Amino acid sequence: MELVADIYKIVKQLPTDERFALCDQLKRSSTSVVLNIAEGTGGLGDKEFKSFLRNALKSLYETVAGLKIAEMLFKLELNSVFEKCDIVGKELNALIKSLK
Numbered sequence: 017m018e019l020v021a022d023i024y025k026i027v028k029q030l031p032t033d034e035r036f037a038l039c040d041q042l043k044r045s046s047t048s049v050v051l052n053i054a055e056g057t058g059g060l061g062d063k064e065f066k067s068f069l070r071n072a073l074k075s076l077y078e079t080v081a082g083l084k085i086a087e088m089l090f091k092l093e094l095n096s097v098f099e100k101c102d103i104v105g106k107e108l109n110a111l112i113k114s115l116k
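To convert, count from 1 in the sequence shown and add 16; that's my numbering.
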């Protein structure tokens with residue numbers, strides 16, 4: 017959830033003409049990470065949970081790609097956010113691998 021809060025702070029720094037493009041996409045993809053994890057914990061079996069975790073990981077990759085675009089276009093320093101994304105990705109991968 018901390019990552020989502022960081023993303024919301026970052027999008028406030030972007031130009032208003034990006035509000036309905038990159039900003040919205042970053043908000044959707046980052047919240048999708050958390051929401052997929054939450055939905056997957058809803059009493060489903062390991063197979064279904066794993067599927068939701070994979071979707072969360074895909075959303076994380078989408079978030080990272082959007083952040084790289086923002087970093088390049090608007091000269092933002094986002095290393096700390098990329099580090100958080102890396103940690104979340106490693107945790108998701110470890111959890112996925114732990115499920116049969």
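Note that CB positions come from ideal geometry on N, CA and C, so glycine has one too.
The structure displayed is predicted, hence computed values, not measured ones.
On the CB-based measure, 16 or more other CB atoms within 10 Å of its CB, does Leu76 come out buried or exposed?
As a position in the sequence shown, residue 76 is number 60, starting the count at 1. Leu76 is buried by the Cβ-count criterion.
Which whole-angstrom value is the C-beta distance of Val68 and Gly59, which I expect to be below 8 Å?
As a working mapping, residue 68 is identified with position 52 in the sequence shown. As a working mapping, residue 59 is identified with position 43 in the sequence shown. Val is not the amino acid found at residue 68; the sequence shown has Phe there. About 12 Å separates the two Cβ atoms, so there is no contact after all.
Taking only the alpha-carbon atoms, compute the straight-line gap between Ala72 and Thr47 and give it to the nearest angstrom.
Numbered from 1 along the sequence shown, position 56 holds the residue referred to as residue 72. Numbered from 1 along the sequence shown, position 31 holds the residue referred to as residue 47. Those two C-alpha atoms are separated by around 9 Å.
Indicate the three-state DSSP secondary structure (helix, strand or coil) for Met88 in the structure shown.
For the purposes of this step, residue 88 is identified with residue 72 of the sequence shown, where counting begins at 1. Met88: helix per DSSP, three-state reduction.
Which same chain residues, not among the five before or five after Gln41, have their C-beta less than 6 Å away from its C-beta?
Taking the first residue of the sequence shown as 1, we reach residue 41 at position 25. Excluding sequence neighbours, Gln41 sits near Gly82.
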